[in-house]
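Engineer: Just so you know, the protein sequences line up as chains A and B, in that order.
Heads up, the first sequence is in our numbering, so the first residue is 3 and it goes up one at a time.
Heads up, the second sequence is in our numbering, so the first residue is 2 and it goes up one at a time.
C-beta atoms are modelled at their ideal positions from N, C-alpha and C, and glycine is treated no differently.
Note that this is a predicted model, so its numbers are computed, not measured.
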Amino acid sequence: MIERQRTAALTGLATVAAVALPIVQNFRSAPRDSFPISHYPMFSAARPEVMTVTHLVGRTGSGGCIDLPCRLLGPGGMNQHRKQVQRAARRHDRSVRLTDRVAKHLARRGALTEVTAVQLVTRGYRLDDWFEGIWCPVTDIIHATSVVPDRQFA
Amino acid sequence: MIRCWFFTPAPARRLDAVRMMLGAYTLRYLVMRWRLISHTAAGPRRNFRPVGVARLLRRPLPINAVKTLTIVNYGATAAFTAGWRHRTTGPLHALLTLWTLTYRNSWSMVFHNDNLVVLHGAIVGVSPSADAVSLDARRLSSPTSPSWRYGWPLQLANAVTVITYALAAVAKLRGPLGLRWASGSSLRDQVAVDGIRKSALVCSGDGLSPAVVLIERRPELWRLLATGSLLLELGAPLALVDRRLGRAWSVAAWSMHVGIKAIMRITFRYQLSGITYAPFFDLERLLPPIAARPLPAMGAAA
């Protein structure tokens with residue numbers, strides 16, 4: 003327990019220096035974030051007009067396409083799943099493994115019965131469209147497709 | 002001058018009130034995240050990207066070790082909140098909360114709303130924050146007069162808070178947009194990015210929040226909000242100059258987080274709870290008055 007002025011002053015100086023020091027990350031070519039000492043880069047990045055997002059979609063028997071929630075991937079939060087699918091999309095074998103897993107999960111659970119195939123896609127969405135309520139990708143890359151066992155894929 | 006500021010006397014009850022609020026918040030926050038903490042740590046090893054003190058690890062801890070440490074942290078944080086054996090449980094709470102949240106943040110991305118919980122926990126954990134209203138204080142005589150011993154942790158907590166805001170402003174100004182960040186277009190883009198991610202990954206189907214619909218009708222509001230938040234962050238250190246200014250800044254900063262929640266649906270829980278800014282306020286007034294235990298008079302018969 004800190005009971006002496008000198009110790010308190012040194013603790014204060016060290017803490018302030020440690021918390022303020024990450025400012026130098028802003029002057030580096032590859033800033034590195036950490037925890038709990040951070041340079042707080044959130045919301046500072048420039049965003050392109052069209053953003054890409056890798057996610058799961060389900061193909062329906064009638065030829066339609068619906069977005070699948072990332073919780074089908076298992077435990078974890080949205081950001082963890084986001085990184086997981088991004089990494090999977092970099093390698094075809096991983097993409098296939100991931101869609102296979104989700105397709106089998108749907109079959110086992112008997113969930114989303116209209117979905118006949120699961121796809122891992124990277125889609126581009128125009129930021130302005132979001133404000134117009136338009137949910138339609140402007141680019142679409144399919145990384146892998148897995149048919150849901152025992153369901154007819156059109 | 003800085004020395005005078007840092008050692009401004011404060012009543013023990015003010016620091017104790019901060020300890021109780023911070024401890025109760027942290028305990029609730031960690032308990033509610035039991036599933037997230039334990040499930041995340043059970044994820045694929047390739048998802049493990051250690052940050053901070055977790056970089057000491059070469060591989061993830063066994064899941065049972067994570068669960069045990071989290072449960073021990075619950076105990077330490079409960080004891081810290083109650084002010085029970087504070088000399089031990091205060092620093093223990095600080096260390097375990099640092100560990101629990103650092104480990105959690107090593108599995109996906111750094112959640113910046115956790116930083117101040119850890120930093121404030123460390124400051125209050127190693128300071129004499131259980132001298133007046135605590136289980137420990139029942140065995141000891143409570144100090145009645147303000148002292149530097151209870152002032153510096155509050156001043157340091159406030160300093161740490163404002164530095165984090167100032168750093169966030171510098172990151173924006175040093176980022177690719179520079180001063181153009183204040184135009185509001187970046188803030189608008191960020192709202193869209195966040196909404197698109199949630200729609201694609203969570204399939205929330207929430208669409209635009211009512212606040213965004215309102216702002217879209219008057220686009221100049223994006224500029225106003227961006228400029229306002231940048232000035233608030235950049236000017237944060239001024240909150241240390243005067244306590245009244247500090248309180249006014251606290252209310253403004255809290256309002257900014259309310260706005261972020263309404264517009265971006267991003268919840269900065271610790272900031273929204275208001276406890277982040279608690280050291281700026283005379284919290285002892287919220288506590289019920291306690292009868293001062295008179296010290297034995299000099300020469301009085303035992």
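(1) So B:Leu37 and B:Asn74 are in contact, right, with Cβ under 8 Å, and what is the actual spacing, rounded?
(2) Counting only beta-carbon atoms, is A:Ala105 nearer than 7 Å to chain B?
(3) By how many angstroms is the C-alpha of A:Ala48 removed from the C-alpha of B:Ala193?
(4) Evaluate the contact criterion for the segment 145–165 of chain B versus the segment 9–17 of chain B: three or more CB pairs, one atom per stretch, below 8 Å.
(5) Give the residues from the segment 114–141 of chain A that approach chain B closer than 8 Å (Cβ to any Cβ), ordered along the chain.
(6) Step through the CB atoms of chain A and report whether any lies within less than 7 Å of the CB of B:Thr103.
(7) Please list, in chain order, the chain A residues whose beta carbon lies closer than 7 Å to that of B:Asn74.
(8) Just the Cα atoms here: how many angstroms apart are A:His16 and B:Ser184?
(9) Tell me the DSSP secondary structure of A:Asp69 in three-state form.
(10) Within the continuous alpha helix (DSSP H) that includes B:Arg36, where are the two ends?
(11) Could one say the Cβ of A:Ile25 lies closer than 7 Å to chain B's Cβ atoms, at least one of them?
(12) Could you tell me whether the Cβ of A:Gly78 comes closer than 7 Å to any Cβ of chain B?
(13) Please confirm if A:Ile4 has its CB atom under 7 Å from at least one CB of chain C.
(14) Helix, strand or coil for B:His258? Go by DSSP, reduced to three states.
(15) Would you please state the rounded distance, in angstroms, between the beta carbons of A:Ala90 and A:Arg84? I believe it to be under 8 Å.
(16) If you pair each beta-carbon of the segment 109–125 of chain A with each one of the segment 26–40 of chain A, do three or more pairs fall below 8 Å?
(17) Out of curiosity, what's the CA-to-CA distance linking B:Arg60 and B:Ala279?
(18) Under 7 Å between C-beta atoms, does A:Gly112 make it to chain B?
(19) Does the segment 111–128 of chain B come into contact with the segment 131–144 of chain A, if we say contact requires no fewer than three beta-carbon pairs (one atom in each stretch) closer than 8 Å?
(20) Under DSSP, the beta strand (DSSP E) around A:Asp142 begins and ends at which residues?
(21) Any idea if B:Asp190 is buried or exposed, counting beta-carbon neighbours within 10 angstroms, 16 or more meaning buried?
(22) Measuring only between beta-carbons, confirm whether A:Val21 sits less than 7 Å from chain B.
(23) What are the residues of the segment 60–78 of chain A that lie near chain B, defined by any Cβ-Cβ distance shorter than 9 Å?
(24) Roughly how many whole angstroms lie between the Cα atoms of B:Ala227 and B:Trp182?
(25) Which term fits B:Ala302, buried or exposed, when burial requires 16 or more other beta carbons within 10 angstroms of its beta carbon?
(26) Using three-state DSSP, classify B:Ala301 as helix, strand or coil.
(27) In the DSSP output, which residue or residues are listed as bridge partners for A:Leu58?
(28) Considering only the alpha carbon of each residue, which of A:Gln88, A:Val149 and A:Trp132 lies closest to A:Glu116?
(29) Looking only at its chain, what residues have a beta carbon closer than 7 Å to the beta carbon of B:Gly275, apart from the 5 residues adjacent to it on each side?
(30) Using three-state DSSP, classify A:Tyr127 as helix, strand or coil.
(31) Of all Cβ atoms in chain A, is any one closer than 7 Å to the Cβ of B:Trp153?
(32) Helix, strand or coil for A:Ala32 per DSSP?
(33) Give a yes or no on contact between the segment 126–141 of chain B and the segment 199–217 of chain B, applying the rule of three or more CB pairs nearer than 8 Å.
(34) What are the boundary residues of the alpha helix (DSSP H) that B:Glu234 is part of?
(35) Can you give me the C-alpha to C-alpha distance between B:Pro295 and B:Leu136, rounded to a whole angstrom?
(36) Spell out the partners DSSP gives B:Ala80 in its beta bridges.
Structural biologist: Taking the structure as given:
(1) Rounded, the Cβ-Cβ distance is 14 Å, inconsistent with contact.
(2) no
(3) 12 Å
(4) yes
(5) Arg125, Tyr127, Leu129, Asp130, Trp132, Phe133, Gly135 and Trp137
(6) yes
(7) Near B:Asn74 there are no residues of chain A at all, since even the closest Cβ is about 15 Å away, more than 7 Å.
(8) The identity of residue 16 of chain A in the sequence shown is Ala, whereas the question assumes His. The alpha-carbon atoms of A:Ala16 and B:Ser184 are separated by roughly 36 Å.
(9) Here A:Asp69 sits in strand by DSSP.
(10) Trp35 to Ala42
(11) yes
(12) yes
(13) Among the protein chains in the structure shown, which are A and B, there is no chain C.
(14) It is helical.
(15) So it is not a contact: roughly 11 Å between Cβ atoms.
(16) Judged by Cβ distances under 8 Å, the segment 109–125 of chain A makes no contact with the segment 26–40 of chain A, as fewer than three pairs qualify.
(17) Distance between the alpha carbons of B:Arg60 and B:Ala279: 38 Å.
(18) no
(19) Contact between the segment 111–128 of chain B and the segment 131–144 of chain A is absent: fewer than three C-beta pairs spanning the two stretches fall below 8 Å.
(20) Thr141 to Val149
(21) buried
(22) yes
(23) Ile68, Asp69, Leu70, Pro71, Cys72, Arg73, Gly76, Pro77 and Gly78
(24) 7 Å
(25) Because the pLDDT at B:Ala302 is just 38, under 50, the model does not fix this residue reliably, and the value given afterwards should be weighed accordingly. B:Ala302 sits exposed, since fewer than 16 C-beta atoms from the chains shown fall within 10 Å of its C-beta.
(26) Bear in mind that the predicted position of B:Ala301 carries a pLDDT of just 40, short of 50, making it unreliable; the figure below should be weighed with that in mind. Judged by DSSP in its simplified three-state form, B:Ala301 adopts coil rather than helix or strand.
(27) A:Leu70 and A:Leu122
(28) Taking only the C-alpha atoms, the option nearest A:Glu116 is A:Val149.
(29) Contacts found: Trp255.
(30) strand
(31) yes
(32) Coil at A:Ala32, not helix or strand.
(33) no
(34) Glu221 to Leu235
(35) Residue confidence is low: B:Pro295 scores 47 on pLDDT, short of 50, so the model does not pin down where it sits. No coordinate-derived value is stated.
(36) Looking at the DSSP assignment, B:Ala80 forms no beta bridge with any residue, so it has no partner.
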